[in-house]
Each structure stands twice: as structure tokens, then as C-alpha cells.
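Inspection log for the structure reproduced underneath, given as C-alpha cells.
Protein chains: 2
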Amino acid sequence: MALISPSRRLRRTPFSDGVEASGVKAYTVYNRMLLPTVFRSVEEDYHHLKEAVQIWDVSCERQVELRGPDATRLMQMLTPRDLRKMQVGQCSYIPIVDETGGMLNDPVAVKLADDRWWISIADSDLLLWVKAMAHGWRLDVLVDEPDVSPLGVQGPRADDLMAAVFGDTVRDIRFFRFKMLEFQGRKLAVARSGYSKQGGFEIYVEGADIGMPLWNALMEAGKALDVHAGCPNGIERIESGLLSYGNDMTDDNTPHECGLGKFCNTQSAIGCVGRDALLRVAVEGPVQQIRAIEIHGNKVPACDRPWPLVADGRQVGQVTSAAWSPDFATNVALGMVRMTHWDEGSEIDVVTSHGIQAATVWNTFWN
Amino acid sequence: MALISPSRRLRRTPFSDGVEASGVKAYTVYNRMLLPTVFRSVEEDYHHLKEAVQIWDVSCERQVELRGPDATRLMQMLTPRDLRKMQVGQCSYIPIVDETGGMLNDPVAVKLADDRWWISIADSDLLLWVKAMAHGWRLDVLVDEPDVSPLGVQGPRADDLMAAVFGDTVRDIRFFRFKMLEFQGRKLAVARSGYSKQGGFEIYVEGADIGMPLWNALMEAGKALDVHAGCPNGIERIESGLLSYGNDMTDDNTPHECGLGKFCNTQSAIGCVGRDALLRVAVEGPVQQIRAIEIHGNKVPACDRPWPLVADGRQVGQVTSAAWSPDFATNVALGMVRMTHWDEGSEIDVVTSHGIQAATVWNTFWN
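Structure, rendered in C-alpha cells:
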């Protein structure tokens, strides 16, 4: 692996001092911000995430805030998911599409009030899209990036750790709901959510100044729980079938290709700019779709580019995320597979950077 | 320095194989794409750039293409620079602003035809802004990211190297003009431009398939010229006063604060969405502006965050790029300085990550 050159452009976060003190070994860049990828080793971090509890600096999940009379109208313009029944205090995973139905982001929407939303974004400058939409459509809404940096608390002991800092009320937070809870006199949105299947929370830390005090409080309270700094884990998220925007999908893909058709209410999401483009695909279905792909044989190299999927001498898709899974003792992968080969059990070949390996298509993920 | 974790999301380029074969040691991420930062060492690369010729993989300068009857109208909506006199075959450095006059990007516009433009972007997803503008304003224009990856040829021997591959006609290309020249049967835009003050060209390589053939042809032709793989050099670009979007300016800043007032024709750039917001600042001038800052004393650490500029116990600005310059035997830096202290020769302090160092403000850069 090469080194990453520091610069102001690759933004530090309110928790960077804690991340460095915890011995971060590698980063990726996500929304022009540093996102840790390795602390002890990817595999050690993986086992620990499944057994204990980790603090994740996911500040790179920047917020796009919409505020004003047209905030909800603009939200519905962005997504084919029908938002009308969504309540204040609720989070919702929403595909965001352009006017052709191409995916621009797959964020979590956070409804703070009837006229105030956060969009907790994946890796694209969605702020620019939302701001220009508000401008071009002359909507009565303020759009900006507030000083809010999410901190993840993930792993089977997350409830115990969070209860130690925020009180037992955290145990009552339902999945994809949030409560406003106090830390050092500040009310913070605490949601039961996160980019793993191990359970846990995301704290929307508003105000960079309380970043390190909160990090330290969690580290201190978690000593008996074997808390450790962690980060989204490439192996665990593939096992869990958690997609990554920019890896597993881009603006070339519709939500339906990404298996996100269940989050599209194409008939009722009136106002969504991509609705017309998606109506046909919603009825007929896509011709390719994301699948779990088991790659047999040796441990695969790092998946730093799309790997063609081949059958009978023709390309039938591509793998975009892959890793050796210690728990399942096989290579787990995600990829887009054409209809001709997406059935459970299809045997195809993957052209990795190190050669061809046999693979099997599955309809369910591992976790 | 930490490592960078590979993933498909951090896009490889048509030249990545050549970059790796040339022994790249470090990267940054720019427009979600890998941008090399070090080959031999930052200082060796620096000296070589000033003496010989380098091939730069600057694919990360992605293109936003505008095509159609409203292409030129949309271009003028994006920038306060008056584009009416710009000719086909011309390049133009244009600040791009939002409706409040905040900088969204500082790209080079390339006029391919009266109804076809490329915007060769700095580090922000300008594509999303331009697409949403086209949509919201219902303009008759297609906006997308074409398969075009710029390759830089920079250094005092750039003319000789380019002439060896494209013929002597390259010598006649004027600064910020381009010609369509042939390589392996493909017509490519070849511009006299680039992100250094050492002279050279940028080749807009259309079609990823000819990336490595062109890279190899340049490397082969340049053997006698001591050609080497290189990249934008942090020291040289600060000496030259070349700004970096995301480092030295963000959407918090107006073009006038960035010293780009000379590229704003705020009176005549009718249609620019940020024009009204900029009219007052164009008349009265900004209260802070980018300056060259010489930092005295020891070699400064990597500038990975804004360093406060302090005078009389008050903050009067910030440094956002800094490096030790071997040629000028001092620390060269760029920063935003308030009006009270921006005069030539002002003595102020810089609070670096390693402590306070004395500094002097200059009105001109080093190169």
C-alpha cells in the first residue's frame, strides 16, 4: 500500500486527535475527509467488532441540512421513497436519484422537525445537487453543511457503553429512531443505526468542540467492555450486504439495480425528479442487480477496480467489493450480475487483478 | 504518514499502471480519484521538475461536458468571468460561484465549439451543481462526465518532449490555447497549460484505451531528456502562488478574497447566479485576501489543517498550505490574511501544529 499525503483539503475531524492516539494505520478519503480504515489489522478489527464495542469516527458522513417551508418538498424531489409517513424522530435510508433515475447518493435522512431535515450522506458532494435544486426551482429553503460530525458506537456491547454515558434511556431507542440526549449540557441526536450489522448507535455530534470530550468519555466508560477505536470494516460490511456508494454503485445505476427497489415508491413519490425515468424499471425490473458472490479458492487481492464476471466467454457483470472472510472461511464479495446469471447458485468466473477464480452467485448475504 | 486503503471508490486512472511502474510512493485523493504526490521524494521531484520534464497523471482533473443550444448560457450562469469574447480553441481559468458568491470550484474552461464546453475541474463534484442547474432552470443542454483524462507534461523540456511525439506544431500553441493533434489516429486536445510555473502542456486524453500507449510513447521519446513520472509538487505550486481549491479556499470564500477579482467581470457577466451577491464586494473589495507568507525559522511540519495567523493576541488569518523551499531556503506558505495585516512586510505569527513561528506577509509569490 502507498502512503497518503496530508493536506488541509483532506479534512481532519473533531475526533482526529483520538483516532491518532489510538494508533490508526490507514485511511480512505470520504467526502474529502479522513476516514480511518485500519487500527490493529483489518482482521483483528473485524473480530473485535463482532465481540465487543468500537468507537468509529464517521465524521465523513457529512450532513446536508434543509431548513424552511419548502424543506419537505425538496426532500421528496430528491428521492423516489415516499416520505409522507415519516415522523419527526425517525431516520430513513433513501436512494437519491437524478432526473434519469441514476443514483447520486444513498444517505440516511433524519427528520428533525416538519421543516428541518438532515441528509447524512455517502461519498458524493450531494450538497451541490441539493443547493442547485433549491436555487433552480426557487424553493424557500436554506441548504448548508452544518458543524455536525457523526460518531459511531458499534458492536454487541454498544448498548452497555452508551447507557454508561447517556443513561439507560438509550436502550429504548428503536432501530432507525433517534432521541435528543444530553452530553455536557448539549442536546445531541442519538440514533440506533450504523454501518455494521453488529448493532449500535450513531451520535450526531453538533459542535466540533465537544468531539474529543465525548470520544474520551466513551473510551473511559468502555474500559471494562474492551472498547477500542474502530471503523467501518470491509469484511463485515460485505458479509452484511451493506452497499458502498462509489464502490458497488455509481450514477450509472438505478436504485432497482442496487436492490433498493423496496425503498422506491415510484407510484406515490410524486415530485421526485427521477420518478418518470424510474416508472418503467419499477414495473419491468432491472436487467442487472447486486448479488452476494462467493469467490472460491485463494484469498483475493484488494479489489481496487471492477473485476469482470465472466460466463461462457461473455461478461455478465462485475465485482466491486471483495474480501477474505475469516468467519465464513471463503472470499465474500458484492457485484452487479446480469439477469441471465443472477439466479441463486449460478457458477461464474471472476477476473481478479491476480487471475481468474471460480465463483457462485447467492441471493442472500452472509450475516 | 499513514497508508491509503485501496478500493474501487478511489478510482484508478488510464495511467495508473504507468504510475505504479514508475514507483509512486504516496497519493492524495482528488475528485474521488488517485492523484500521485510523491515519486522519488517531494524534494527530488521538485528539483527535477524545474530542470527536466515530467509526465503527470492528472486524470483527477475530471471534465464536466456541456453540450447543446444552452451550453454557453449555462456556462455564464456558473461564473462571474465574462465569457462572451472567449474563442473556440481557448482555455480560460474561471471562478465558479454559488448564488451567494461562494467559490464552488476554480476550474479551467475549454471551449470546444460554440455549443460544446469542457470544465476541467478542481476538487469538488461540480458535475452535480451543473446538472441540477440545467435541470432546475430547464435548460436545453446535456451535462455529463466524459471519458477524458488529462495527462500533464511539465518542465522546461516539455516543448522538446511534446514535439517528439506530436510534431513541432506543439511549439506554436500559445499559453491557454489548444490544438487538436493526432496520436495513434485519435484527435486529442493539447493545451499549453498546467499546474506548475515551469511551462508545459496538458493533453486531454479522450478514451481510456489510449492512456498507456500515450504514457509509454512519452516515456520512450523522453529518455534523452531525463523524463520521469511526476505530479503537482507542493513546494513548487506554493512558490508559484497556484491556489488549491479545498486547501486555500472553500465555499466560504469569494473569488475576491482568493485574489481572483481580476477574473470577475461582475458588471458585464450578466446571468451569473452569484453576480448580485458579488457586486458589493467587487466595489468595496474583500476584508481578507490570499497572500504569500514567509514563515521564518525551522522547516514547518505538514500543513494538514488551517494554522491560525496571530498578531497582538488576535487572529488575523490562517495559513492553509506551507512547505520548506530548498531554492529559497525558507518556508513558503499561502494563507488568508485580514486587511489590517495584509500589507507587504507585515510581521505576524503562525501557530503551526508544532508551535509558534514568526512570519512575514508578501504581496508577490516566489516564482
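As given, the protein sequences belong to chains A and B, one line each in that order. Quick note: the first sequence, position 98, residue 100 per my numbering, numbers continuous. Quick note: the second sequence, position 229, residue 231 per my numbering, numbers continuous. In this text, a Cβ means the ideal position worked out from N, Cα and C, and glycines have one as well. On a predicted model such as this, the values are computed, not experimentally measured, just so you know.
Bounds of any alpha helix (DSSP H) do not take in residue 94 of chain A; it lies within the beta strand (DSSP E) bounded by 93-95.
DSSP places residue 324 of chain B within a strand segment (E or B) once states are collapsed to three.
In the three-state reduction of the DSSP assignment, residue 39 of chain B falls in the strand class. By the neighbour-count criterion, in which 16 or more other beta carbons inside 10 Å mark a residue as buried, residue 278 of chain B falls on the exposed side. Taking C-alpha positions only, residue 140 of chain B is separated from residue 76 of chain B by approximately 11 angstroms.
Residue 119 of chain B sits away from residue 130 of chain A, with the two beta carbons spaced by 8 angstroms or more.
DSSP places residue 197 of chain A outside both helix and strand once states are collapsed to three, so it counts as coil.
Taking 3 residues as the shortest admissible run, the stretch 247-316 of chain B contains the following complete beta strand (DSSP E) segments, listed from N- to C-terminal end: 290-297 and 309-313.
For residue 127 of chain A, the chain B residues whose C-beta falls within less than 7 angstroms of its own C-beta are 126, 127 and 130, listed in chain order. Where residue 47 of chain A is concerned, the enclosing alpha helix (DSSP H) starts and stops at 44-53.
Proximity of residue 254 of chain A to chain B, defined by a Cβ-Cβ separation below 8 angstroms, is not satisfied. The beta carbons of residue 309 of chain A and residue 317 of chain A sit no closer together than 8 angstroms. A buried status is given to residue 56 of chain B, since no fewer than 16 other beta-carbon atoms sit within 10 Å of its beta-carbon. In this structure, residue 188 of chain A keeps its C-beta atom at 8 angstroms or more from the C-beta atom of residue 117 of chain A.
Taking 8 angstroms as the cut-off, the beta carbon of residue 163 of chain A is found no closer than this to the beta carbon of residue 80 of chain A.
Per DSSP, residue 350 of chain A is one residue of the beta strand (DSSP E) stretching across 349-354. For the C-beta of residue 322 of chain A, the chain B residues within less than 8 angstroms are, from N- to C-terminus, 10. At a cut-off of 8 angstroms between beta carbons, residue 295 of chain B makes no contact with chain A. Given a length threshold of 4 residues, each whole run of the alpha helix (DSSP H) inside the stretch 144-186 of chain B is given here in chain order: 160-168.
The stretch 152-161 of chain B makes contact with the stretch 45-63 of chain B; the number of CB pairs closer than 8 angstroms reaches 3 or more. Put simply, the stretch 342-355 of chain A does not touch the stretch 205-225 of chain A. Fewer than three CB pairs are less than 8 angstroms apart.
Below the 8 angstroms Cβ cutoff, chain A contributes 130 as neighbours of residue 106 of chain B, in chain order.
Against chain B, a Cβ distance below 9 angstroms from residue 301 of chain A picks out nothing, because the smallest value is about 15 angstroms. Annotated as distal: residue 42 of chain A and residue 147 of chain A, with beta-carbon spacing of 8 angstroms or more. Cβ proximity to chain A below 8 angstroms picks out nothing from the stretch 150-183 of chain B. Secondary structure of residue 241 of chain A (DSSP, three-state): helix. Contact with chain B is found for residue 6 of chain A, since one of that chain's Cβ atoms lies less than 8 angstroms from the residue's Cβ. Taking C-beta separations shorter than 8 angstroms and ignoring five residues to either side along the sequence, the partners of residue 169 of chain B in its chain run 183, following chain order. In this structure, DSSP gives residue 123 of chain B a state outside helix and strand, which the three-state scheme calls coil. Contact check for residue 218 of chain A and residue 125 of chain A: beta-carbon distance about 28 angstroms, past the 8 angstroms limit, so the pair fails to qualify. If you look at residue 221 of chain B, you'll find it isn't in any beta strand (DSSP E); it sits in the alpha helix (DSSP H) that goes 213-223.
The beta carbon of residue 258 of chain A is closer than 8 angstroms to those of 266, 280, 283, 284, 287, 288 and 291 in its chain, skipping five residues each way along the sequence. Assignment of residue 19 of chain B by DSSP, reduced to helix, strand and coil, places it in the helix class. Collapsing the DSSP output to three states places residue 361 of chain A in a strand.
The C-alpha of residue 298 of chain A lies about 15 angstroms from the C-alpha of residue 241 of chain A.
Collapsing the DSSP output to three states places residue 89 of chain B in coil.
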